Ligand SMILES: C[S@@+](CC[C@H](N)C(=O)[O-])C[C@H]1O[C@@H](n2cnc3c(N)ncnc32)[C@H](O)[C@@H]1O
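In my numbering, the protein residues as written are 378 to 641.
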């Protein structure tokens, strides 16, 4: 690693988050959005008017989401809007057949959100398993010139920590080790939803290769890192994989990318 790279990596670490939008927060606190919503509604009553910022943004405090987000927020790198997308897409995907996957668990925050979402659904928590994959020793080797994140990054976690976090959810199964080896002895034929949060080219590629053929019609894959400048390899892996497939990867304003398996 050269000096320039070392400085940049120190100033902007691999676990990059979108910076908090101070200007937006100031507008919220000043009551600007509330007033604007009232005026734009021309006197009509708007439910949850305080969640219009300026558009309806339920991830900013809608009651049932907020209750879950408060529990997971200190255990995840994913921002509240990304967690909202995870929860809502998972709710829909549970209508399709198959298990639920998360590749890239780190300290277990989004895994816990997924477990809570399944637990709230009386048939899903009986019929589905939540499979969680991570090395719990940080990233594997990445590709020079393709990935920014390096081997060993994100190693500050442990399987014991995640197991303790998920102890109340018997349908959750942790697979410790590196992908794709941890896929090799699995007895899973159908997957309805997968959160791929593994940051680098080869890991994302390996996940798509295993999961896509098992994804049931209407099932979904959410790629966390697709739009992040810290993870150019993740986007490349998705774009390459779906270039020859009927599904159209949908890039979301959150930085995530959503793929919905075709029904034909
Ligand atoms: C960004 S973190 C996941 C964040 C997590 N979803 C959360 O809620 O904060 C990425 C994780 O992917 C894991 N990872 C990346 N490639 C992997 C591979 N090939 N095998 C196993 N784990 C991998 C890393 O160990 C790391 O913990």
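Glycine included, every Cβ here is placed at the ideal spot set by N, Cα and C. All values derive from a computational prediction rather than experimental measurement.
Under 7 Å from any heavy atom of ligand 1, does the C-beta of residue i make it?
i           : result
residue 484 : yes
residue 529 : no
residue 556 : yes
residue 481 : yes
residue 524 : no
residue 534 : yes
residue 605 : no
residue 466 : no
residue 609 : no
residue 580 : yes
In the DSSP output, what is residue i paired with across the bridge?
i           : result
residue 491 : None, per the DSSP bridge assignment.
residue 477 : 507, 570
residue 549 : 507
residue 585 : Residue 585 is not bridged to any residue.
For residue i, which three-state DSSP category applies?
i           : result
residue 540 : helix
residue 486 : helix
residue 637 : strand
residue 594 : strand
residue 513 : coil
Tell me, to the nearest whole angstrom, how far the beta carbon of residue i is from that of residue j; I am working on the premise that it is less than 8 Å.
i           : j           : result
residue 520 : residue 578 : 5 Å
residue 486 : residue 512 : Rounded, the Cβ-Cβ distance is 17 Å, inconsistent with contact.
residue 549 : residue 509 : 6 Å
residue 442 : residue 431 : Actually they do not touch by this definition, with Cβ atoms about 19 Å apart.
residue 575 : residue 455 : Not really, about 13 Å apart at Cβ, beyond 8 Å.
Contact between the segment 407-427 and the segment 445-462 (3+ Cβ pairs under 8 Å): no
Answer yes if the segment 556-576 comes into contact with the segment 457-473, meaning at least three C-beta pairs across the two stretches below 8 Å, and no otherwise. yes
Any chance the segment 490-507 sits against the segment 602-615, with 3 or more Cβ pairs inside 8 Å? no
Between the segment 539-546 and the segment 578-590, do three or more beta carbon pairs fall short of 8 Å? no
The segment 593-603 contacting the segment 456-472, beta-carbon criterion three pairs below 8 Å: yes
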